[in-house]
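There are 2 protein chains.
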Amino acid sequence: MSVFTRAFAGVFLLALLLPFSAQAEDLPSWNDGKSKQAIVDFVTKVTDEKNADFVKPEDRIAVFDNDGTLWSEQPYYFQLGFALDRIKALAPEHPEWKETEPFKSVLAGDLKGMAASGEKGLVELMMATHAGMTTDSFNTIVTDWFAASKHPKTGKPYNEMTFLPMRELLDYLRANGFKTFIVSGGGVEFMRPITEHAYGIPPEQVVGSTIATEYALVDGEPVLNRLPKIDFIDDGAGKPVGINKFIGRRPIFAAGNSDGDYEMLRWVTGGKPNSFGLIVHHTDAAREYAYDRESHFGKLNKAMDEADQRNWLLVDMKNDWKKIYAFEAP
Amino acid sequence: MSVFTRAFAGVFLLALLLPFSAQAEDLPSWNDGKSKQAIVDFVTKVTDEKNADFVKPEDRIAVFDNDGTLWSEQPYYFQLGFALDRIKALAPEHPEWKETEPFKSVLAGDLKGMAASGEKGLVELMMATHAGMTTDSFNTIVTDWFAASKHPKTGKPYNEMTFLPMRELLDYLRANGFKTFIVSGGGVEFMRPITEHAYGIPPEQVVGSTIATEYALVDGEPVLNRLPKIDFIDDGAGKPVGINKFIGRRPIFAAGNSDGDYEMLRWVTGGKPNSFGLIVHHTDAAREYAYDRESHFGKLNKAMDEADQRNWLLVDMKNDWKKIYAFEAP
Chain A
1 MSVFTRAFAG VFLLALLLPF SAQAEDLPSW NDGKSKQAIV DFVTKVTDEK
51 NADFVKPEDR IAVFDNDGTL WSEQPYYFQL GFALDRIKAL APEHPEWKET
101 EPFKSVLAGD LKGMAASGEK GLVELMMATH AGMTTDSFNT IVTDWFAASK
151 HPKTGKPYNE MTFLPMRELL DYLRANGFKT FIVSGGGVEF MRPITEHAYG
201 IPPEQVVGST IATEYALVDG EPVLNRLPKI DFIDDGAGKP VGINKFIGRR
251 PIFAAGNSDG DYEMLRWVTG GKPNSFGLIV HHTDAAREYA YDRESHFGKL
301 NKAMDEADQR NWLLVDMKND WKKIYAFEAP
Chain B
1 MSVFTRAFAG VFLLALLLPF SAQAEDLPSW NDGKSKQAIV DFVTKVTDEK
51 NADFVKPEDR IAVFDNDGTL WSEQPYYFQL GFALDRIKAL APEHPEWKET
101 EPFKSVLAGD LKGMAASGEK GLVELMMATH AGMTTDSFNT IVTDWFAASK
151 HPKTGKPYNE MTFLPMRELL DYLRANGFKT FIVSGGGVEF MRPITEHAYG
201 IPPEQVVGST IATEYALVDG EPVLNRLPKI DFIDDGAGKP VGINKFIGRR
251 PIFAAGNSDG DYEMLRWVTG GKPNSFGLIV HHTDAAREYA YDRESHFGKL
301 NKAMDEADQR NWLLVDMKND WKKIYAFEAP
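Note that the protein sequences, when read in sequence, are chains A and B.
The first sequence lines up with residues 1 to 330 when you count with our numbering.
The second sequence lines up with residues 1 to 330 when you count with our numbering.
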């Protein structure tokens, strides 16, 4: 049997299994209703060869924001929690931080004081904690942090703070021939160590903000050093740029939760005739958090105003989702 | 049947087909001998769960340079051919080019005169032909050029100037669970329109040099404009940087043909214990071209000197390959 015949046989066997995929048991943590139906209708339509809106498998690209879309982003972005923990861990090596903002405020646990140093201060925090080591070392630091740290409200590991209905949505799309990507403002090397386990998304399908790296030989061994210099910010109008740069084709499905996803939603739903935009609206103060127009993290204003007009689905976490997290009691 | 069960069944059925994959009929355009055997031995070893050198499928990442590795790069990089053709096509809109280098030399067909303007001139040519339009427009321009243009020596379309044995190698690796990527100094948006058809590699698995793009609304429709500004050069020490940025894990297989691939080969074969480095050596002046240390395009010097020491396979095109191009008479 030639390679081609084998590959063809594999695809054929998989295809036999696919017609079962849009069944009622999909998306089990979604309540029946308008939101779930809209998703199922879209997927059913674009995967049905007899439908005029059929989309070939290779064009079934779906992009997901991460913070606030696939996992929680309150009381602060988890990556900021990582940076603050790292400042504390590194403080003994930096006695000068006791007298220098924004480090002084961070070490005193004064987040308002930290915020007073503005974007410049935030960049300093990121560079002090995210640069100055090899990529391999940073991977280890991040992996260790996820293993050791807990969310301040739930007491669960951060990488269990993922939204079960969104993980089901990722599974459902993949079962229907979609290729799923993360497109996040978060640092790509902060996410990659956990996305395969958390979402079934491999490192090469994670698009995010990057800092510059440089190839070097250390004791004759090749390494990549992380430099204190921002390379790319994958947020706002940077998201379509990142999608084009890393993925190279226009997705047909985009999910976000904030105005930082606005341009991505426009880019994805303004392209091919069959496309779907989804916004996760944080409406559940009891099980998660309730916030939108006034939030420091994940502000949702403009994108919500235009959701109706642009036919973007506004998912109501409180009413659309049976469960938020997998660890909730059944 | 749950999504999980279905996915599992698919993988299982595919797995049943895989044990047939390392057979004699693989790599049919490779002559039996040391080179072919080294490739088959490596793939057999890393795919055998009982072997100490087994590598899990998700870590089977293979990266390939493009120019001179997957297709020809003589008498000049095909992308340069594209740029020169575009200069001629755009000349009527730019009467000033008749008096300005490097455009004047290009329009006069004087490649030596063009070369005299150095790297600065080359960048000017690239920016004049690769920027100033939307990404969608550029995709169309590239696609049309490939459909209309012919290689100066063979008279074949450029996208048929691919090396059949290397396409078989890509197929063979994929049949054995590898995920294949292009990592090229060429422009990513020059390659992406053709890589799926030419190599079975989708756009999102093509890493290359990029120019800056900017999101904008034109008549209310979102577009990405290509700006006359280099964003990233994916060559030399930039290749490990690009691999880390776009792919996010260290490959175990790398193929190149020039010193521009040296750092990539070091990075890939200096990492995990099981890895493979391959260099395509252009030794066939009759069927393709013969060049190495002195070539303007694809100079191979340092990487060849160190090939033995680093256990990189030097593929001898003349003696290792039965055929170079698919269009050759059998």
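Virtual Cβ for every residue (Gly too), placed ideally from N, Cα, C.
Item                                                                                                                  : Value
Whether E204(A) touches G248(B) by CB criterion (7 Å)                                                                 : yes
7 Å Cβ cutoff, Y215(B) in contact with chain A                                                                        : yes
Interface flag, R226(B) vs chain A, CB-CB below 7 Å                                                                   : no
8 Å contact criterion, which F42(B) and F276(B) should meet: CB distance rounded                                      : 5 Å
Local conformation of A22(A) per DSSP, three classes                                                                  : Model confidence at A22(A) stands at a pLDDT of 46, short of 50, so the residue's coordinates are unreliable and nothing is read from them.
Min CB distance T210(B) to chain A below 7 Å                                                                          : yes
Among P273(B), G271(B), R266(B) and R287(B), nearest to I279(B) - alpha-carbon criterion                              : R266(B)
Cβ-Cβ distance between I230(B) and V206(B) below 7 Å                                                                  : no
Minimum Cβ-Cβ distance from W97(B) to chain A less than 7 Å                                                           : no
Per-residue burial, Q309(A) [other beta carbons within 10 Å of its own, 16 or more giving buried]                     : exposed
Environment of T100(B) [buried if 16+ CB atoms lie within 10 Å]                                                       : exposed
Cβ-based neighbour list, K179(B), same chain, cut-off 8 Å, excluding 5 preceding and 5 following                      : R60, I61, A62 and Q205
Any chain A beta carbon closer than 7 Å to V43(B)                                                                     : no
Against chain A: residues of the region 246-260 of chain B by CB proximity under 8 Å                                  : F246, I247, G248 and R249
is_contact[G270(B), chain A] using C-beta, thresh 7 Å                                                                 : yes
Touch test, the region 204-224 of chain A against the region 132-149 of chain A, Cβ-Cβ under 8 Å, three pairs minimum : yes
Interface flag, E204(A) vs chain B, CB-CB below 7 Å                                                                   : yes
Closest by C-alpha distance to K153(A), when choosing among A307(A), A286(A) and Y199(A)                              : A286(A)
Below-7 Å beta-carbon distance, A237(A) vs any chain B residue                                                        : yes
Any non-hydrogen atom of the ligand COA closer than 6 Å to D316(B) Cβ                                                 : Absence of the ligand COA from the depicted structure is noted, as is the absence of any ligand whatsoever, leaving it without description.
First and last residue of the uninterrupted alpha helix (DSSP H) at H282(A)                                           : No alpha helix (DSSP H) contains H282(A), which is instead part of the beta strand (DSSP E) from F276 to T283.
Reduced DSSP category for R226(B) - H, G, I as helix; E, B as strand; rest coil                                       : strand
Neighbour flag for P240(A) against chain B, beta carbons, 7 Å                                                         : yes
Contacts that T135(B) makes with chain A (C-beta to C-beta distance below 8 Å)                                        : N244
C-beta neighbour in chain A for R310(B), strict 7 Å                                                                   : no
Beta-bridge partners of L217(A), as assigned by DSSP                                                                  : P222(A)
Inter-residue spacing [alpha-carbon to alpha-carbon] between A22(A) and T44(A)                                        : In this predicted model, A22(A) has a pLDDT of only 46, less than 50, meaning its place in the structure is not dependable; the value taken from the coordinates is given anyway. Approximately 7 Å between the Cα atoms of the pair.
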